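**Student:** Encoded as structure tokens, here's the structure I'll be asking about.
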Amino acid sequence: MSIYLFTDFGSGDLYVGQVKAVLHQYAPSAHVVDLLHEAPAFNVKVGAHLLAALAERIPAPSVTLAVVDPGVGSAREPIMVLADGKWFVGPDNGLLSVVLARAQAARVFPITWRPETAAASFHGRDLFAPVAGMLASGDFDAAQPEQKTGLDVNLGGDDLAEVIYIDHYGNALTGLRAGSVERDARVVTGAMRIGYARVFSEVADGEVFWYENSLGLVEIAANSANAAAKLSLRVGQPVAVETG
Amino acid sequence: MSIYLFTDFGSGDLYVGQVKAVLHQYAPSAHVVDLLHEAPAFNVKVGAHLLAALAERIPAPSVTLAVVDPGVGSAREPIMVLADGKWFVGPDNGLLSVVLARAQAARVFPITWRPETAAASFHGRDLFAPVAGMLASGDFDAAQPEQKTGLDVNLGGDDLAEVIYIDHYGNALTGLRAGSVERDARVVTGAMRIGYARVFSEVADGEVFWYENSLGLVEIAANSANAAAKLSLRVGQPVAVETG
Amino acid sequence: MSIYLFTDFGSGDLYVGQVKAVLHQYAPSAHVVDLLHEAPAFNVKVGAHLLAALAERIPAPSVTLAVVDPGVGSAREPIMVLADGKWFVGPDNGLLSVVLARAQAARVFPITWRPETAAASFHGRDLFAPVAGMLASGDFDAAQPEQKTGLDVNLGGDDLAEVIYIDHYGNALTGLRAGSVERDARVVTGAMRIGYARVFSEVADGEVFWYENSLGLVEIAANSANAAAKLSLRVGQPVAVETG
């Protein structure tokens, strides 16, 4: 079973490798795929919406290790969510709650397994990675009796009218799902009103537009140019949809 | 068969993982190697020369997924190139043309396979990755009748007298192959005339020189220092060779 | 046997993929794990201390390819170190010496194998990767007669009272092992005296503290904020411990 990683650990930093060393010990034959390690640091809310959008592209069955965890070492609980045949392992701080709310069928389990020793600051390596590895290799008894009835922190499944991520091209992903946005609507952010185009090559070089991106989200982009720099966009910035 | 990735998707961004999720579905037993995801964004010309230099290090048989594709969603065609026993999958926008022009033996095929659904902005995930995965796993009938006689966009196999990449040390790779450059030649860029050294440790700390890099290209470097910052070098900047 | 990579090659740059292409040829069934490719460039001393801290998390048996090698192409020798059941392959420039000095049991071997052709600037790909691959696949006769009695460059096993790495959150790792530092001690750097906290969530948002990080090192951090930016910390900056 493949293991997918979604974290704010930094793709070039020294944390992901330590997690993978543990995963390979617990699940030697599993593929491990880095979905994203540049989730905005410390920002659980936008992380939860990014994860929910990416989760639709994750095959089932699978295990996803999801860690944006500024409260590591505090009292927040470790949990497993089984959503539409896909396992998600992470902290009960809201990060898994958008996935859960949007799932057709989902269950929540507390993680009661504990390592012999764990660094207070790195549950990703010492707690979540072993559990993800055990799930992926089938060594873990997931049918634990104490299934939880809900999450401690629940952000709900609604869209988030904010910029949730800015990619290295300078495209700004929002937490708005494009399926419910009319193509003649404008996306408004700050003083800018932005019109729709189907794809980059349909507008002039440097022109800003919004489109339905490959995750199904409203995204603000510019053709062969950096939209975020042009418009001074930042993660967490509000966006609105204006129709008529 | 191993799959090599060469893109401008950003090594830390959320695109590579989505591509790998698809590759693992189509070719579960293939090694997937990230050659480069920081190819200069939107710049097909320098990407084509970088890819051609790297391609000489790729073992055969293999499949390389190559995507620098600012025109994704427009009319440019998807193609496969078989060059000296190595498959290359990508857009017919010039990116594969330097590899093709320098190959001893090469053939070009149109990609006629189409996915049931594809995001207009992410053919790397929805079209090129499935094809690369099928090639790597042997599931794809490459001997298609409609072999193409050439490319729509052809940059040719000649050297490119420009900076084509600046690495994180600040070394500036050029599109000039060093085999044909005399060791007593100077490399000229802007107002600078730069002399040759065999290797970093042969010049003083901070000193700028050119050398034949590990890909066989003329590279402008400095010992334990950032040459690109010292000389304000940028991708696309012209370079010349001065002899005598 | 798994292969771990520790280099200053840059996680997004075009060097790691070339190394992996070679590793897969020599050890097709080995897992390859990127521990860190953002070791501070050209800085062997802090690299040696980072590697020693990470090495405690590497399982045995294993092979680690370690390259921070500003003197590549000069006379420094290639070596293999077997430390507590783990192989380390790299240059004899001090990089492996802290691992060696702290090992319970260790031996040093010269690398006498030479490739037919090698780029003077990329022994990581042309010399160290083949040797690491051969070790991992068991094809290499490690019991070479000419076991070395020591290293040419030896930094010793003592702590390093410097900032050795700054992660992407802005946390500053030091070369001080926290086990021997009293919890009521202050860590002093520049004009700042920094008190202890067990974990991030025990201090207020933005507050700076030191703690024992997940590698067992003294680390200067701030809760949900960038400590290095707040305190203008840099790799190589001296730190001291003040007690009483």
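Read top to bottom, the protein sequences are chains A, B and C. The opening residue of the first sequence carries number 1 in my numbering; numbering runs sequentially from there. The opening residue of the second sequence carries number 1001 in my numbering; numbering runs sequentially from there. The opening residue of the third sequence carries number 2001 in my numbering; numbering runs sequentially from there. Backbone N, C-alpha and C define an ideal beta-carbon position, used for all residues, glycine too. Because the structure is a prediction, the values reported are computed rather than measured.
Should I1166 of chain B and I1194 of chain B be called a contact, given that it needs their Cβ atoms to be closer than 7 Å?
**Tutor:** Residue mapping note: residue 1166 of chain B aligns to position 166 of the second sequence, counting from 1. Residue mapping note: residue 1194 of chain B aligns to position 194 of the second sequence, counting from 1. No, Cβ-Cβ distance for I1166 of chain B and I1194 of chain B is not below 7 Å.
**Student:** Strictly by DSSP, which residues pair up with R2193 of chain C?
**Tutor:** Along the third sequence, one-based indexing puts residue 2193 of chain C at 193. DSSP output for R2193 of chain C lists C:V2188 as bridge partner(s).
**Student:** Buried or exposed for R1076 of chain B, going by 16 or more other Cβ atoms inside 10 Å?
**Tutor:** The residue given as residue 1076 of chain B occupies position 76 in the second sequence. That one is buried.
**Student:** Between V1239 of chain B and L1050 of chain B, what straight-line distance do the alpha-carbon atoms span, to the nearest angstrom?
**Tutor:** For the purposes of this step, residue 1239 of chain B is identified with residue 239 of the second sequence, where counting begins at 1. For the purposes of this step, residue 1050 of chain B is identified with residue 50 of the second sequence, where counting begins at 1. C-alpha separation (whole angstroms): 16 Å.
**Student:** Name the one or two DSSP bridge partners that Y1165 of chain B has.
**Tutor:** Against the second sequence, residue 1165 of chain B aligns to sequence position 165. Y1165 of chain B pairs with B:L1173.
**Student:** Is it the case that the stretch 2108-2120 of chain C contacts the stretch 2170-2186 of chain C, given that we only count it when at least three CB pairs across the two stretches are under 8 Å?
**Tutor:** Touching, no, given that fewer than three Cβ pairs across the two stretches are closer than 8 Å.
**Student:** Given this structure, state the Cα-to-Cα distance separating V187 of chain A from A172 of chain A, to the nearest angstrom.
**Tutor:** Your numbering for residue 187 of chain A matches position 187 in the first sequence. Your numbering for residue 172 of chain A matches position 172 in the first sequence. About 12 Å.
**Student:** For F140 of chain A, which of helix, strand or coil comes out of DSSP?
**Tutor:** The residue given as residue 140 of chain A occupies position 140 in the first sequence. Three-state result, F140 of chain A: coil.
**Student:** In whole angstroms, give me the CA-to-CA distance for L1095 of chain B and V2218 of chain C.
**Tutor:** As a working mapping, residue 1095 of chain B is identified with position 95 in the second sequence. As a working mapping, residue 2218 of chain C is identified with position 218 in the third sequence. Taking the straight line joining both Cα atoms gives about 48 Å.
**Student:** Inspect the CB distances between the stretch 2085-2095 of chain C and the stretch 2058-2070 of chain C and report whether three or more fall short of 8 Å.
**Tutor:** They touch, by the three-pair rule.
**Student:** Using a C-beta to C-beta distance shorter than 7 Å, which residues of chain E count as neighbours of P1059 of chain B?
**Tutor:** The displayed structure is made up of protein chains A, B and C, and chain E is not among them.
**Student:** Run down chain A in chain order and give the residues with a C-beta less than 8 Å from the C-beta of L1014 of chain B.
**Tutor:** The residue labelled residue 1014 of chain B in the question sits at position 14 within the second sequence. The contacting residues are L35, L36, E38, L50, L54, Y165 and D167.
**Student:** Does the beta carbon of G195 of chain A sit closer than 7 Å to a beta carbon anywhere in chain C?
**Tutor:** As a working note, residue 195 of chain A is residue 195 in the first sequence. Chain C contact via Cβ: absent.
**Student:** If you follow the beta strand (DSSP E) that G2047 of chain C is part of, which residue opens it and which one closes it?
**Tutor:** Here the question's residue 2047 of chain C lines up with position 47 in the third sequence. Segment V2044 to A2055 is the alpha helix (DSSP H) holding G2047 of chain C; no beta strand (DSSP E) there.
**Student:** Along chain B, in chain order, which residues have C-beta atoms closer than 7 Å to that of A2120 of chain C?
**Tutor:** By one-based count along the third sequence, residue 2120 of chain C stands at place 120. Here the neighbours are R1198 and V1199.
**Student:** Less than 7 Å between the C-beta atoms of V208 of chain A and A229 of chain A, yes or no?
**Tutor:** Within the first sequence, residue 208 of chain A is the residue found at index 208, counting from 1. Within the first sequence, residue 229 of chain A is the residue found at index 229, counting from 1. Going by C-beta atoms, V208 of chain A is not nearer than 7 Å to A229 of chain A.
**Student:** What is the residue span of the beta strand (DSSP E) that Y1015 of chain B lies within?
**Tutor:** One-based indexing of the second sequence puts residue 1015 of chain B at position 15. That residue, Y1015 of chain B, is in no beta strand (DSSP E); it is neither H nor E in DSSP.
**Student:** What residues of chain A sit near V1072 of chain B, judged by a beta carbon separation below 8 Å?
**Tutor:** Mapped onto the second sequence, residue 1072 of chain B falls at position 72. Within chain A, the residues near V1072 of chain B are V199, F200 and S201.
**Student:** Helix, strand or coil for R107 of chain A per DSSP?
**Tutor:** Within the first sequence, residue 107 of chain A is the residue found at index 107, counting from 1. Note: R107 of chain A maps to strand in three-state DSSP.
**Student:** According to DSSP, is F1200 of chain B helix, strand or coil?
**Tutor:** Along the second sequence, read from residue 1 onward, the residue named residue 1200 of chain B stands at position 200. Three-state result, F1200 of chain B: helix.
**Student:** I want to know whether the stretch 144-154 of chain A touches the stretch 14-34 of chain A - three or more CB-CB distances under 8 Å.
**Tutor:** Taking 8 Å as the limit for Cβ pairs, the verdict is that the stretch 14-34 of chain A does not touch the stretch 144-154 of chain A.
**Student:** Do the stretch 28-39 of chain A and the stretch 2-10 of chain A meet, that is, are 3 or more Cβ pairs less than 8 Å apart?
**Tutor:** The stretch 28-39 of chain A is in contact with the stretch 2-10 of chain A.
**Student:** So F122 of chain A packs on S2214 of chain C, CB below 8 Å; how close in whole Å?
**Tutor:** As a working mapping, residue 122 of chain A is identified with position 122 in the first sequence. As a working mapping, residue 2214 of chain C is identified with position 214 in the third sequence. Confirmed, Cβ separation roughly 4 Å.
**Student:** Please tell me whether S2137 of chain C has its Cβ less than 7 Å away from any Cβ of chain A.
**Tutor:** Looking up residue 2137 of chain C in the third sequence gives position 137. It does not; no Cβ of chain A falls within 7 Å.
**Student:** Quick check on the burial criterion: 16 or more other C-beta atoms within 10 angstroms. Buried or exposed for D2158 of chain C?
**Tutor:** Within the third sequence, the letter at position 158 stands for residue 2158 of chain C. Exposed.
**Student:** Pull up the CB-CB distance for L1014 of chain B and L54 of chain A, whole angstroms please, since I reckon it's below 8 Å.
**Tutor:** Reading the second sequence from its first residue, position 14 is the one you call residue 1014 of chain B. Reading the first sequence from its first residue, position 54 is the one you call residue 54 of chain A. Between L54 of chain A and L1014 of chain B the Cβ distance is about 7 Å, and since that is below 8 Å, they are a contact.
**Student:** Can you give the Cα-Cα distance for T1149 of chain B and T2117 of chain C, rounded to whole angstroms?
**Tutor:** Residue 1149 of chain B sits at position 149 when you count from the first residue of the second sequence. Residue 2117 of chain C sits at position 117 when you count from the first residue of the third sequence. C-alpha separation (whole angstroms): 37 Å.
**Student:** Does F2029 of chain C get closer than 7 Å to chain A when you measure Cβ to Cβ?
**Tutor:** Looking up residue 2029 of chain C in the third sequence gives position 29. Going by the sequence as given, residue 2029 of chain C is Ser instead of Phe. No - not a single Cβ of chain A is within 7 Å of the one on S2029 of chain C.
**Student:** On the criterion of 16 or more Cβ atoms from any shown chain inside 10 Å, does Q1025 of chain B qualify as buried, or is it exposed?
**Tutor:** Locating residue 1025 of chain B in the second sequence gives position 25, where the first residue counts as 1. Counting Cβ neighbours within 10 Å, Q1025 of chain B comes out exposed, since fewer than 16 surround it.
**Student:** Would you mind reading off the limits of the alpha helix (DSSP H) that contains K1086 of chain B?
**Tutor:** Residue numbering aside, residue 1086 of chain B sits at position 86 when the second sequence is read from its first letter. Segment K1086 to P1091 is the beta strand (DSSP E) holding K1086 of chain B; no alpha helix (DSSP H) there.
**Student:** Kindly indicate which residue of C:R2198, C:S2224, C:G2047 and C:F2042 has the alpha-carbon position closest to the one of G2206 of chain C.
**Tutor:** As a first step, residue 2206 of chain C must be located in the third sequence, where it is residue number 206. Ranking C:R2198, C:S2224, C:G2047 and C:F2042 by Cα distance to G2206 of chain C puts C:S2224 first.
**Student:** Does any CB atom of chain C fall closer than 7 Å to the CB of S1232 of chain B?
**Tutor:** Taking the first residue of the second sequence as 1, we reach residue 1232 of chain B at position 232. Answer no: the Cβ-Cβ gap between S1232 of chain B and chain C never drops below 7 Å.
**Student:** Should G1170 of chain B be flagged as near chain A, meaning a C-beta pair shorter than 7 Å?
**Tutor:** Walking along the second sequence from the start, residue 1170 of chain B turns up at place 170. It does not; no Cβ of chain A falls within 7 Å.
**Student:** When you compare the CB positions of V2089 of chain C and A2132 of chain C, do they come within less than 7 Å of one another, or not?
**Tutor:** As a working note, residue 2089 of chain C is residue 89 in the third sequence. As a working note, residue 2132 of chain C is residue 132 in the third sequence. Yes, they are a contact pair.
**Student:** For a test of the three-state rule: what should DSSP assign to D1152 of chain B, helix, strand or coil?
**Tutor:** Here residue 1152 of chain B corresponds to residue number 152 of the second sequence, with the count starting at 1. Of the three classes helix, strand and coil, the one that applies to D1152 of chain B here is coil, per DSSP.
**Student:** Among B:M1080, B:L1100 and B:G1170, which residue has its Cα nearest to the Cα of L1127 of chain B?
**Tutor:** Taking the first residue of the second sequence as position 1, residue 1127 of chain B is located at position 127. The option with the nearest alpha carbon to L1127 of chain B is B:M1080.
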